[in-house]
Amino acid sequence: MTSTRIDRRRLLGTGLAVAGLPLLGARRALAQEGGNIRMMWWGGDERARRTNSAIDRFTAAHPEVSVEAESMGWDDYWARLATQVAGGNAPDFIQMDYRYMFEYARRGAIRPLDEFLGEELKISDFGDVNLDSCSVDGKLYGGNVGVNSFSVIFDSAAWQEAGVEAPSFGTTWDGFAEKCAAFTEGNVSSRVHATADGSVQEGLFEVWLRTRGKALYAPDGTLGYDAEDAGAWFAYWAEMRKAGSCVPADVQALYKNSPETAPLVSGRSVTDFAYSNQFASYQLLVPKELSVVGAPVLDGGEPGQYLKPSQMFSISSTSDEPEIAARMINFLIREPEGAKLLGLDRGVPASPEIREAIIPDLDETGRKVVELISNLSPQIGALPPAPPQGAGEINAVQIRIAQEVAFEAVSPEDGGARLVDEAAAILERA
Amino acid sequence: MSAYDAIEGGKSAARPETSGWLARAIHRNGAGYLFLAPWLIGFFCLTLGPALVSLYLSFTDFDLLTSPEFVGAQNYVRMVTADAKFAAAIRVTLVYVALSVPLKLAFALAIAMVLNRGMRALPAYRAIFYLPSLLGTSVAIAVLWRQLFAADGFVNSLLATVGIEGPSWISNPNYSLYTLVVLSVWQFGSPMIIFLAGLRQIPADMYEAASLDGASSRRQFLRITLPLLSPVIFFNVVIQTIEAFKAFTPAFIISGGSGGPINSTLFYTLYLYQEAFSYFRMGYASALAWVLVIIIAIFTAFSFLTTKYWVHYDD
Amino acid sequence: MTDAVNDMPGRGSAYPRLNSTLRHALLIAVCIVMIYPILWMLSGSLRPASELFGGEAGLIPSQVTLSAYPDGWFGLQVTFGRFFANSLIISVLATIGNVLAASLVAYAFARLRFAGQNFWFALMLGTLMLPYHVTLIPQYVLFRELGWVNTWLPLIVPKYFAVDAFFIFLMVQFFRGIPRELDEAARMDGCSAWRIYRKIILPLSMPVLATAAIFSFIWTWEDFFGPLIYISEMENYTVQLGLRSFIDSSGTSSWNELFAMSILSLVPIFLIFLFFQRLLIEGIATTGMKR
């Protein structure tokens, strides 16, 4: 077997269009051969410290390998990654997001990892669910770095003070609304509301749809719900708003998909919604102790939640050293030495063995997240169909229309119709 | 210094005669291109190529990750026929330009005039007025602006002392754009410095002479300050207009990249950025960019056409 | 003449006589509005993270801790000292390039006559109008071809070729304000274009050169997107890249450290500003010679 290396210099000569390269078939004969790889992820300084120390451990154990690490915040990450990929200089080792994975995989920018399974990548104990959730069209495109689920976060002391039992596993949608109304009754401050406005949260909308037997997207890539479903969703939150149960429109509009802008953190609500791997970020910014449970359920409905990778490690299709990158992925997500250093920062490890190994080192906040994932089991359903191209844009449309409903520019019913129309137009264009 | 002294006498210095005109013209041409050379090299080697590539891409379907595909004028057609977001972005941007440019410049000029006089502690004031501009496009701005303009922010606590309950300015679609205008005006440091430098070039003795003639200060402003400052004012108008059309970072950091709430801060370039990097439509984004170039060019050309009525050069 | 510069009696009397105390009071009021957000940032660097976003927008922290400063300075793999040094080198080199190149080109546009002048001038202004997002990728390919990726060259070298038309246009406007009689006379004395540029235009343009230097330095210091795209190794990071390393909107951010280092990052550019604004003021010494 000869190694087929891409001559990057020559590729560059072709200028812009280097991205859609044919995938390289041939594998290197000696997997233990050394080399240099570039790794890129998004995250703050805490994540950088953890990841860098894990990289150091990896290169200490494999002196023939050197790793160049780059990290930046989410907001800057995708423009930079796209520029490098389009500019013919993609990093070998790429941290991927669930939705972007489909965009990159379908366009051939990241490579399937199936050939490494059982060799460099020993992740069969992740279970089918955690492998499928990192697959596109039947091929594995990423190593699951952390299991994640949508969750409800709240300040339990505040609920107690209001004399209402806080939301818990198995609270129904109606029950949640009742609890919030009761909270409002027992509440003295006009500044604080029972909950954030969840209508803009795609993750929560998805759970709600799934409890009703629907989904965001159908298996054929069309929309998985109709105008009536969306209208009912907006109406649920319009009621909450009217009752004073959730924060008013202009407070929720401060939320920019980041913890520091959330109503819970700004002290305007005692309950909020987020993915479970963000729980620690919320706790850091709030002086009171927070609790976390699953999203509401529907009486007699379907299980609404599913386990999703918070992020995954992928390999560029133009990487010269995919074996080394694969070995490093394995080290970070499947070997206790590496995984322990990463901790829970990227979500709960998918491997039961790794999970056991890191539990003793966890703090109180971390333990709550691990508990959440185990307690969620009854609410976990099948993986949803893959999001089609254009899903990211539809998410933005949902946020905009939810705001239009909240600011009473359109009725919930019309908002539902509008969402379905615009989403259909986007899917048709993509 | 002797040459200068000779000239100080006034405008009566003799003009050079025109003999050997052709030779001089050739001579001048050569010198001109020699001085222009750095820019010409930069333009042809660094600027032009990428610009032409983006022009080509504007006629393609280019998703960043696979090869561009030629689609003719389709992107341009879509923009004007089937893109509601394009219309929203144009509207937001025009409002922003129309408000932020005059306000910022008026503020900058007023402060520059106050600072351009004999006062103690002037450097300190100048420095403090420039401070906000130093913050530039820091991510911290997003947090600071929320502290000022959220429902329980600083502005509303000031309003509360006079009994007014203000809305959450920054997150209300009716007002959010205006908080970005305020941000732009708040960072008035650059045009202020340019105005100051311009005021420095106006000879003090002109004011003295006018004072002796009994001209009112308003008259002095209209007859001396404005005409002599007009090249600088013109510069600031043109530059600030271009910059306002291209404004990106304020909306990007304050709206978290969304242009929200409800597209109320969807600046044109923010929309372009979303198309390019969030939705993988670099071809369409390039078309948007070239339409913006045309819009700005029209505004700029118009400003240049007006110069003969109000901009006074010494030459 | 020096006294006239400092006291500027002529200017003082040219404007309405406003009570000086009142004037100061007004300026101070504006100052407070100007610096409130910066004071908030300072207090944000001193208070616990859990108090930052709680809403009650007071300036006084409930407890003061300075730990964000050492934590921020040493918190990344490379200390901020390195980032400051990097930013300083890049900004100084970029500033020199900008002022040199732009003044040469502006002199050509403002003072020399050559064929195609208006055409080139329009083209130069045109380069200001294209949003950089769409030239990003072709430019990246270009610099990668040149082998400049992950070096500072893409941030510095273009400035020596006057790619930023802002500075050219700025200087053109000011050069045109210098009385033409000066160079006409010098030309009659047999001075070359170069000598006129060196001996007349540059010395008479201190205010605008200082202005250009201030902007050039500060904008390079603040530039974030260029370094983001072209610099990957942390050893080569600028201050702005370092600052952004604290923030991740999708997860945990170190806000105290961000605020603390942001405050520190203002110090050098503030000093630069103070230094160059002296030049800006000294520029007036030359204006006595006008006309």
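Chains as they are written, first to last, in my numbering: chain W, 572 to 1001; chain C, 36 to 350; chain Y, 0 to 290.
Just so you know, even glycine gets a beta-carbon here, dropped at the ideal spot from N, CA and C.
The model shown is predicted, which means the values in this text are computed figures rather than measured ones.
Would you mind stating whether residue i and residue j have Cβ atoms separated by less than 9 Å?
i        : j        : result
W/ILE665 : W/LEU684 : no
C/PRO73  : Y/VAL140 : no
W/PHE725 : W/ALA733 : no
Y/ALA48  : W/LEU855 : yes
W/PHE850 : W/THR793 : no
Y/VAL77  : C/GLY77  : no
W/ALA994 : W/ILE970 : no
C/ALA66  : Y/SER191 : yes
C/GLN275 : C/SER135 : yes
W/ARG938 : W/ILE925 : no
W/GLY952 : W/PRO874 : yes
C/VAL346 : C/PHE256 : no
Y/LEU75  : W/ALA619 : yes
C/PRO103 : C/GLY318 : yes
W/PRO958 : W/ALA928 : no
W/LEU947 : W/ASN701 : no
What are the boundary residues of the beta strand (DSSP E) that includes residue i?
i        : result
Y/TYR159 : Per DSSP, Y/TYR159 belongs to no beta strand (DSSP E) and is neither H nor E.
W/SER552 : Residue coverage of chain W in this structure runs from 572 to 1001, which leaves residue 552 of chain W outside it and unanswerable.
W/GLU639 : 636 to 643
W/LEU861 : 861 to 864
C/ARG316 : Taken as a continuous stretch (DSSP letters only), C/ARG316 belongs to no beta strand (DSSP E), as it is neither H nor E.
W/THR842 : 842 to 846
W/ASN758 : Taken as a continuous stretch (DSSP letters only), W/ASN758 belongs to no beta strand (DSSP E), as it is neither H nor E.
W/ILE608 : 606 to 613
W/MET667 : 664 to 667
Give me the residue from the options with the minimum Cα distance to residue i.
i        : options                                : result
W/VAL656 : Y/ILE136, Y/TYR131, Y/ILE59            : Y/ILE136
W/ARG677 : W/TYR712, W/TRP649, W/GLU686           : W/TYR712
W/SER887 : W/SER637, W/GLY679, W/ARG620           : W/GLY679
W/LEU998 : W/GLN960, W/ALA967, W/ALA977           : W/GLN960
Y/PHE223 : C/THR335, C/ALA250, C/ALA244, C/SER173 : C/SER173
Y/ASN117 : C/CYS80, C/PRO85, C/SER102, C/LEU71    : C/LEU71
W/PRO858 : W/ALA910, W/GLU831, W/GLU691, W/GLN882 : W/GLU831
W/VAL759 : W/GLY872, W/GLY815, W/ASP708           : W/GLY815
W/GLY614 : Y/GLU50, Y/MET170, Y/LEU242, Y/VAL238  : Y/LEU242
Y/ALA164 : Y/LEU51, Y/PRO178, Y/VAL98, Y/SER244   : Y/VAL98
C/GLY291 : W/ILE608, W/ASP646, W/TRP808           : W/ASP646
Y/PHE269 : C/ASN298, C/ARG161, C/THR300, C/LEU234 : C/ARG161
W/PHE805 : W/GLN823, W/VAL841, W/VAL771, W/LYS785 : W/VAL771
Between which two residues does the alpha helix (DSSP H) carrying residue i extend?
i        : result
W/LEU775 : 773 to 782
Y/LEU227 : 224 to 229
C/PHE121 : 119 to 150
C/SER252 : 252 to 255
W/GLY987 : 983 to 1000
Y/TYR106 : 79 to 110
C/LEU170 : 157 to 170
W/GLN854 : 850 to 856
Y/MET170 : 164 to 174
W/ARG839 : Careful: W/ARG839 lies outside any alpha helix (DSSP H) and carries neither H nor E.
In the DSSP output, which residue or residues are listed as bridge partners for residue i?
i        : result
W/VAL723 : W/PHE844, W/VAL864
W/LEU692 : W/LEU688
W/LEU794 : W/TYR788
C/ASP96  : C/GLU104
W/ILE681 : W/SER887
*Could you name the residues of the region 304 to 318 of chain C whose beta carbon sits closer than 8 Å to any beta carbon of chain Y, in the order they occur along the chain?*
Result list: THR304, LEU307, TYR308, ALA311, PHE312, MET317.
*Proximal residues, the region 792 to 826 of chain W versus chain Y, C-beta separation under 9 Å*: Interface annotation for the region 792 to 826 of chain W against chain Y: empty, criterion Cβ-Cβ distance under 9 Å.
*Identify each residue in the region 644 to 659 of chain W for which the Cβ-Cβ distance to at least one residue of chain C is less than 7 Å, and report them in chain order.*
Within the region 644 to 659 of chain W, the qualifying residues are ASP646, TRP649, ALA650, ALA653, VAL656, ALA657.
*Select from the region 252 to 280 of chain Y all residues with a C-beta closer than 7 Å to any C-beta belonging to chain C, and list them in chain order.*
Contact annotation: in the region 252 to 280 of chain Y, residues whose CB is within less than 7 Å of a CB in chain C are LEU257, PHE258, SER261, LEU265, ILE268, PHE269, PHE272, LEU273, GLN276, LEU279.
*Which residues, in order along the region 610 to 629 of chain W, keep a beta-carbon less than 9 Å from a beta-carbon of chain Y?*
Sequence-ordered contacts of the region 610 to 629 of chain W with chain Y read MET611, TRP613, GLY614, GLY615, ASP616, GLU617, ARG618, ALA619, ARG620, ASN623 [C-beta pairs closer than 9 Å].
*Scan the region 971 to 983 of chain W for residues whose Cβ lies nearer than 8 Å to a Cβ of chain C and list them as they occur along the chain.*
Answer in chain order: ARG971, GLN974, GLU975, PHE978, ALA980.
*asked:* Output needed in chain order: residues of the region 674 to 694 of chain W with a Cβ under 8 Å from some Cβ in chain C.
replied: The region 674 to 694 of chain W vs chain C, Cβ under 8 Å: GLU674, TYR675, ARG678, GLY679, ALA680.
*What are the residues of the region 232 to 251 of chain Y that lie near chain W, defined by any Cβ-Cβ distance shorter than 9 Å?*
Within the region 232 to 251 of chain Y, the residues whose Cβ lies closer than 9 Å to some Cβ of chain W are GLU232, MET233, LEU240, ARG243, SER244, PHE245, ILE246, ASP247, SER248, SER249, GLY250, THR251, listed in chain order.
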